[in-house]
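What follows is a set of notes on a single structure, which appears directly below.
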Amino acid sequence: MQQCDRAVATRASSAAAGDALPTGPARLEKLADVLTMMFPLWALVSGVVAYRHPASLNWITGAQFEAGCVSNPVPILCGFAAQYAIMPSLALAISRALGLSPGLSVGLILLGCCPGGQASNIATYVANGDVALSVIMTAASTLAATVMTPLLTSTLAGRFVPVSTAALAASTVKLVLLPTLAGVVLNETLPGLVGRVRPAMPLLAILLTVVLCATPVAQVAPLLALHGASACLPVLLLHTLGYFFGYLLPRVLGFGERTSRTVSIETGMQSAAMGYALSTKHFADVLVAMPSAVSILFMVWIGAALAVVWRLVPIKDDRHAA
Numbered sequence: 063m064q065q066c067d068r069a070v071a072t073r074a075s076s077a078a079a080g081d082a083l084p085t086g087p088a089r090l091e092k093l094a095d096v097l098t099m100m101f102p103l104w105a106l107v108s109g110v111v112a113y114r115h116p117a118s119l120n121w122i123t124g125a126q127f128e129a130g131c132v133s134n135p136v137p138i139l140c141g142f143a144a145q146y147a148i149m150p151s152l153a154l155a156i157s158r159a160l161g162l163s164p165g166l167s168v169g170l171i172l173l174g175c176c177p178g179g180q181a182s183n184i185a186t187y188v189a190n191g192d193v194a195l196s197v198i199m200t201a202a203s204t205l206a207a208t209v210m211t212p213l214l215t216s217t218l219a220g221r222f223v224p225v226s227t228a229a230l231a232a233s234t235v236k237l238v239l240l241p242t243l244a245g246v247v248l249n250e251t252l253p254g255l256v257g258r259v260r261p262a263m264p265l266l267a268i269l270l271t272v273v274l275c276a277t278p279v280a281q282v283a284p285l286l287a288l289h290g291a292s293a294c295l296p297v298l299l300l301h302t303l304g305y306f307f308g309y310l311l312p313r314v315l316g317f318g319e320r321t322s323r324t325v326s327i328e329t330g331m332q333s334a335a336m337g338y339a340l341s342t343k344h345f346a347d348v349l350v351a352m353p354s355a356v357s358i359l360f361m362v363w364i365g366a367a368l369a370v371v372w373r374l375v376p377i378k379d380d381r382h383a384a
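Each residue of the sequence shown is one higher than the last, beginning at 63 in the working numbering.
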């Protein structure tokens, strides 16, 4: 009887120990969460490595760059307005206020006219924002970029240097539509595969974002050493004010904290990689590429840090509109 009791006790203690220890998938999920919270560190480290050792990330070419809520549309329209009204206006105002050179002015305006960045969905996830809304807003601004980016850039930057709207539009279509269509086809034709790999997507997305963000820095590292300082202040102002007004606008309109965080991140995080690709392909002045290259250092790090801070701040309301 005693032996039976000891056996039962042994099995019970083993089961308790098994319950206390996380399983393999649980450990992986916890590790992924910890690594996700370190997003600002990865962004900062990648930028430093790219600047100090350009060759390590200089193997990605411009050609490879060309290859990376519907029931309540009001938040989407709010984010769209912030993306294509606030950011271009801020870029033009900052370039005038600081008296930037034509090259830096065009580069800053081009950056301000780009759609939401590839890191915005990740940052929204980290910030406990509305990921579904973020994805829709990114998709909307990205698809609209085929028209809005070349149109706004030629309108606002054309006063500084000649800008070919048609050429910009053609490149934007390559950068925007092809990756988007590939994602849609993959999601529709291979739902089983997509479902299996979905848990690992946040971490994989961060890793890919780090590479995409670091590569332009590596490619223009010598120019950054010479001219990067002159682009730091305007780019820092553009993104900081973008995050601020992107948060303020939905709050003034009566949206909740989760939606406001999402719009803020979508507004402040521009597709600097797209801006860099367009600037190097369509403008001879090397200074045009500086704002996008510097933006990669500031925008991702500030946005990632903001997302982590917001993750630590509880959301007290979750209304979509007043």
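Ideal Cβ placement from N, Cα and C applies to all residues, glycine included.
Item, Value
"My output table needs one value for Gly178: the three-state DSSP class, helix, strand or coil.", "strand"
"Just how far apart, CA to CA, sit Val247 and Gly254?", "13 angstroms"
"State the CB to CB distance for the pair Ala219 and Val168, rounded to an integer number of angstroms; the pair is presumed to be in contact (CB under 8 angstroms).", "4 angstroms"
"Rounded C-beta distance between Val350 and Gly165? I'm assuming under 8 angstroms.", "5 angstroms"
"In its own chain, which residues sit with a C-beta less than 8 angstroms from the C-beta of Ser157, not counting the 5 before and 5 after it?", "Leu166, Ser167, Leu170, Ile171 and Pro296"
"Expressed to the nearest angstrom, what Euclidean distance is found between the alpha-carbon atoms of Leu152 and Asn183?", "23 angstroms"
"When DSSP builds the beta bridges, which residues end up paired with Gln332?", "Gly178"
"Rounded to the nearest angstrom, what separates Ile377 and Met263 at their Cα positions?", "25 angstroms"
"So, with DSSP's three-state summary, where would you put Leu214?", "helix"
"Cutting at 7 angstroms between CB atoms, please list the residues of its own chain near Ser341, excluding the five before and the five after it.", "Gly169, Leu172, Val350, Ala351 and Ser354"
"Can you give the Cα-Cα distance for Thr186 and Leu286, rounded to whole angstroms?", "29 angstroms"
"Determine the contact status of Gly178 and Gln145, defining contact as a CB-CB distance below 8 angstroms.", "yes"
"Are the Cβ atoms of Val325 and Pro150 separated by less than 8 angstroms?", "no"
"Out of Leu252, Asp347 and Leu139, which one is the CA nearest neighbour of His289?", "Asp347"
"Could you spell out the range, first to last residue, of the alpha helix (DSSP H) harbouring Pro253?", "Pro253 to Val259"
"Compare the beta carbon distance of His301 and Ala229 with 8 angstroms and say whether it is the shorter of the two.", "no"
"Within the 8 angstroms Cβ cut-off, does Leu243 reach chain C?", "No chain C appears in the structure shown, which is made up of a single protein chain."
"Compute the distance between the beta-carbons of Thr329 and Ile148, then report whether it is under 8 angstroms.", "yes"
"Can you name the start and end residues of the alpha helix (DSSP H) that Ser157 belongs to?", "Met149 to Ala159"
"Assign Ile377 to one of three DSSP states: helix, strand, or coil.", "coil"
"Please report the straight-line C-alpha distance between Ala232 and Thr204, rounded to a whole angstrom.", "14 angstroms"
"What three-state label does DSSP hand Pro312 in the structure shown?", "helix"
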